[in-house]
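Protein chains: 2
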Amino acid sequence: MEKKVSIKDIARHLGVSTALVSYVLNNKAGRVSVEMAEKIRQAATELNYRPNLIARSLQSGKTNTLGLIVADISNPFFSHIARIVEDEAKKSGYTVIFGSSDESVEKSQALMDALLNRQVDALIIAPAEFTEEQLRALQKKKIPFVLIDRYFKDIQANCVRIDNYRAAYSAVEHLINTGNKRIAMMAYDTGMRHIAERIEGYKAALKDNGITPQESWLVRASYHHLEEEATLGMQKLLSPKPVVDAFFFATNSLAIQGIRQIIRLNIKVPDELSVISFDEADAFDFFYAPITYVRQSLEDIGRNAVQLVLGSIARQETAPREVLVDAGLIIRESTKKQHL
Amino acid sequence: MEKKVSIKDIARHLGVSTALVSYVLNNKAGRVSVEMAEKIRQAATELNYRPNLIARSLQSGKTNTLGLIVADISNPFFSHIARIVEDEAKKSGYTVIFGSSDESVEKSQALMDALLNRQVDALIIAPAEFTEEQLRALQKKKIPFVLIDRYFKDIQANCVRIDNYRAAYSAVEHLINTGNKRIAMMAYDTGMRHIAERIEGYKAALKDNGITPQESWLVRASYHHLEEEATLGMQKLLSPKPVVDAFFFATNSLAIQGIRQIIRLNIKVPDELSVISFDEADAFDFFYAPITYVRQSLEDIGRNAVQLVLGSIARQETAPREVLVDAGLIIRESTKKQHL
DNA sequence: AAGATCTGCTTAAACGTTTAAACAAACAAA
DNA sequence: TTTGTTTGTTTAAACGTTTAAGCAGATCTT
Chain A
353 MEKKVSIKDI ARHLGVSTAL VSYVLNNKAG RVSVEMAEKI RQAATELNYR PNLIARSLQS
413 GKTNTLGLIV ADISNPFFSH IARIVEDEAK KSGYTVIFGS SDESVEKSQA LMDALLNRQV
473 DALIIAPAEF TEEQLRALQK KKIPFVLIDR YFKDIQANCV RIDNYRAAYS AVEHLINTGN
533 KRIAMMAYDT GMRHIAERIE GYKAALKDNG ITPQESWLVR ASYHHLEEEA TLGMQKLLSP
593 KPVVDAFFFA TNSLAIQGIR QIIRLNIKVP DELSVISFDE ADAFDFFYAP ITYVRQSLED
653 IGRNAVQLVL GSIARQETAP REVLVDAGLI IRESTKKQHL
Chain B
353 MEKKVSIKDI ARHLGVSTAL VSYVLNNKAG RVSVEMAEKI RQAATELNYR PNLIARSLQS
413 GKTNTLGLIV ADISNPFFSH IARIVEDEAK KSGYTVIFGS SDESVEKSQA LMDALLNRQV
473 DALIIAPAEF TEEQLRALQK KKIPFVLIDR YFKDIQANCV RIDNYRAAYS AVEHLINTGN
533 KRIAMMAYDT GMRHIAERIE GYKAALKDNG ITPQESWLVR ASYHHLEEEA TLGMQKLLSP
593 KPVVDAFFFA TNSLAIQGIR QIIRLNIKVP DELSVISFDE ADAFDFFYAP ITYVRQSLED
653 IGRNAVQLVL GSIARQETAP REVLVDAGLI IRESTKKQHL
């Protein structure tokens, strides 16, 4: 690593003070002569000066960096958001450091520590379960942050999300309207509110249509043993022949696993089983009966999250804002029963 | 943002010097009394001291941060690598800042500047086309970096990749062995070497088997107009009926677009058309004829990249190393012609 | 008893910026 | 002419660390 050019080098090179150089290079040159300014700028390019943002940050207390905490950056849902966040942040001169919590309290804590030690100006977080305390700690330290996708009942914080209850309700309603009665749902085995509300929406839609939700219809799978538990759960309801008319998946990762089973068991969609999922996936288009899904605008989520949190930074303290983004049902073959 | 606790605060609190506190907290305590050390450590936890890594970095000249530059973090290929890189880096106490170059020379340059200004210790780069100069600049500045996935003929640098020629060759060979003669290929419209070598491998395999590659069989699509150009290119060869027996896609993003067309045109795979792609995708499993693909281990790529670049940091200057990771053909339905 | 060594701690400089305050010279106002 | 203001620049401190060097006091050597 070659010796880097600092403001000091420019100053020495021109025989002036570092202060002057700094003023010019930051355009805070209220009272610098035009000639001097020109000379300094020229020397800067000549010597190929690059500001050391670390030094700047130490002095200013701002890093112009956002920390992004998601469950798993390799999950397309989150990586897509990451890209939006990146672009939106860049517009305001911010850089993004990311980390995957792996839905673990400990990793989440470690991540936050690492990001905060690096003095990120704010955090964008898709929080893992049982991390309320960590969020409260952020609030106590007055670190601006915004939650995305997930949220907690007893945490008042900036949050960008959809109305999960309503989205799930309409999805299930659609299943009912297309002639399904025995409707199963697969959800993560978690108490997280976004999932809980999807389940509530599912149950409410059933009840409101005179269907009594059966406990056995609700398949739970844990994040860390998704494949096994999803497989097992699906088999119970689908093998040898489906005992339900339809399946509603609470996330796309669950749907991917679930549909793998549907393929393996050679169940005909939608005739033997209607299918609906949350979120998008290329895979949904490639299935012979393209999957109907609840679309949430990741663009809206990412953009609003950045806006919100940059706002919080700018005007110091603000009452937490909650942004609800739209979610819509994209209806396709997987919910079109032939006999209708 | 509440006042943060610094080493100075601990020192004042105990009436000792900051040096002593620093020595203890860094376990460089060769000559500190046990009682004092204990007192300091206790005060540190009591006051909830968190080291300011920015300050540490300024002093040490190391940020323990890696910059990751990919074409698009929302592309599963890259986001998967990002996750591996993240995990592998964390093992050595490193954090990752990422950015998407969007296959643009300018964005790539801007990204590098941004990352270097933030004093990242090294870069992991999937370089965009025509960025050779940028890489040479890095070499001149002696910034450690490692290329992944892509590489240049005239740049001697650390690099982790597969043997693209050979991988493509075997893929096409497989198509030939399963009875295909007129074999088309879709590739990005780029001179990038990894793509060029895949094309060479494709042509060589044809020639070696007595098939003369037709120029019209090679469909080119640009990154920025992928959808239109891929659509158009596919239609020329497939509509109204396929004039080729098989299609070989140079990347999974190309395959996704291509297969969309195959679905739209209702072409039967593999009977009317065999299909093979590079890289994995959930979508490949969901197609009625699961897609045969060339698998490269993203784990190997990510892990080796981090190892290589951390090695470069540690032992200052090293001759560039090139790591070839394995690639294997995963054979499935999309290349199993019925009449064989 | 005098020097040498060890022990436990402090001093102070450095990393590369920013920025309030000071200052000298030039100019304007009275 | 004196006083005041403006202009262009410098000084110096600060941000939170690390770390070489220094320095007393205690302990060991001979």
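Here the protein sequences line up with chains A and B, keeping their order.
When we follow this note's numbering, the leftmost residue of the first sequence carries the number 353, and every step to the right adds one.
When we follow this note's numbering, the leftmost residue of the second sequence carries the number 353, and every step to the right adds one.
Even glycine gets a Cβ: it sits at the ideal position worked out from N, Cα and C.
Report the three-state DSSP secondary structure of residue i (helix, strand or coil).
i, result
"A/Gln648", "strand"
"B/Tyr503", "coil"
"B/Thr417", "strand"
"A/Ile528", "helix"
"A/Val661", "helix"
"A/Asn469", "helix"
"B/Gly585", "helix"
"A/Glu712", "Because chain A here runs from 353 to 692, residue 712 of chain A falls outside it and cannot be looked at."
"B/Arg513", "strand"
"B/Leu626", "The sequence given here has Ser at residue 626 of chain B, not Leu. Correct three-state label for B/Ser626: strand."
"B/Phe497", "strand"
"B/Thr447", "strand"
"B/Ala480", "coil"
"A/Ile406", "helix"
"A/Ile682", "strand"
"A/Arg572", "strand"
"A/Phe639", "coil"
"A/Tyr401", "coil"
"A/Ile535", "strand"
"A/Ala602", "coil"
"A/Ala474", "strand"
Roughly how many angstroms separate the alpha carbons of residue i and residue j, rounded to a whole number?
i, j, result
"A/Val627", "A/Ala641", "9 Å"
"A/Thr447", "A/Ala657", "14 Å"
"B/Pro428", "A/Ile611", "19 Å"
"A/Lys493", "B/Lys356", "9 Å"
"A/Ala679", "A/Thr603", "14 Å"
"B/Lys564", "B/Glu624", "As written in the sequence, residue 564 of chain B is Thr, which differs from the Lys given in the question. Cα-Cα distance, rounded: 21 Å."
"B/Gly367", "A/Leu490", "30 Å"
"B/Thr530", "B/Asp634", "24 Å"
"B/Gly553", "B/Thr542", "16 Å"
"B/Thr583", "A/Phe599", "33 Å"
"B/Ala512", "B/Asn618", "A small fix is needed here, since residue 512 of chain B is Val in this sequence, not Ala. B/Val512 and B/Asn618: Cα-Cα distance of roughly 39 Å."
"A/Ala556", "A/Glu567", "14 Å"
"B/Leu488", "B/Phe482", "It should be pointed out that residue 488 of chain B corresponds to Arg in this sequence rather than to Leu. Using only the alpha carbons, I get a separation of about 12 Å."
"A/Gly413", "A/Leu662", "15 Å"
Going by beta-carbon coordinates alone, are residue i and residue j separated by less than 8 Å?
i, j, result
"B/Ile433", "B/Ile477", "no"
"A/Ile653", "A/Val677", "yes"
"A/Asn425", "B/Glu485", "The residue you asked about is not Asn; residue 425 of chain A is Ile in the sequence shown. Going by C-beta atoms, A/Ile425 is not nearer than 8 Å to B/Glu485."
"A/Ile665", "A/Pro496", "yes"
"B/Arg647", "B/Ile683", "no"
"A/Ala509", "A/Val596", "no"
"A/Asp361", "A/Leu405", "no"
"B/Val472", "B/Thr415", "yes"
"A/Asn469", "B/Pro403", "yes"
"B/Ile436", "B/Glu632", "no"
Between the options, which lies nearest to residue i when the distance is taken from Cα to Cα?
i, options, result
"B/Leu570", "B/Ala539, B/Pro594 and B/Thr583", "B/Ala539"
"B/Asp560", "B/Tyr521, B/Asn618 and B/Ala381", "B/Tyr521"
"A/Phe630", "A/Val368, A/Phe450 and A/Ala519", "A/Ala519"
"A/Leu660", "A/Val376, A/Leu558, A/Leu418 and A/Ala607", "A/Leu418"
"B/Ser686", "B/Leu490, B/Val368 and B/Ile614", "B/Ile614"
"B/Phe504", "B/Arg470, B/His546 and B/Ser431", "B/His546"
"B/Pro325", "B/Ser574, B/Leu584 and B/Ile507", "Residue 325 of chain B falls outside the range modelled here, since chain B spans only 353 to 692, and no answer is possible."
"B/Arg502", "B/Lys443, B/Val675 and B/Ser385", "B/Val675"
"B/Glu336", "B/Gly562, B/Leu606 and B/Phe601", "The requested residue 336 of chain B does not occur in the structure, where chain B is confined to residues 353 to 692."
"A/Ala423", "A/Asn532, A/Met464, A/Asp515 and A/Glu632", "A/Met464"
"A/Glu549", "A/Ile528, A/His577, A/Ala474 and A/Ile514", "A/Ile514"
Given that a residue counts as buried once 16 or more other Cβ atoms are within 10 Å of its Cβ, and exposed if not, what is residue i?
i, result
"B/Gln411", "exposed"
"B/His378", "Per the sequence shown, residue 378 of chain B should be read as Asn rather than His. Exposed."
"B/Glu455", "buried"
"A/His526", "buried"
"A/Gly585", "buried"
"B/Ala371", "exposed"
"A/Ser452", "buried"
"A/Glu390", "exposed"
"A/Gln394", "exposed"
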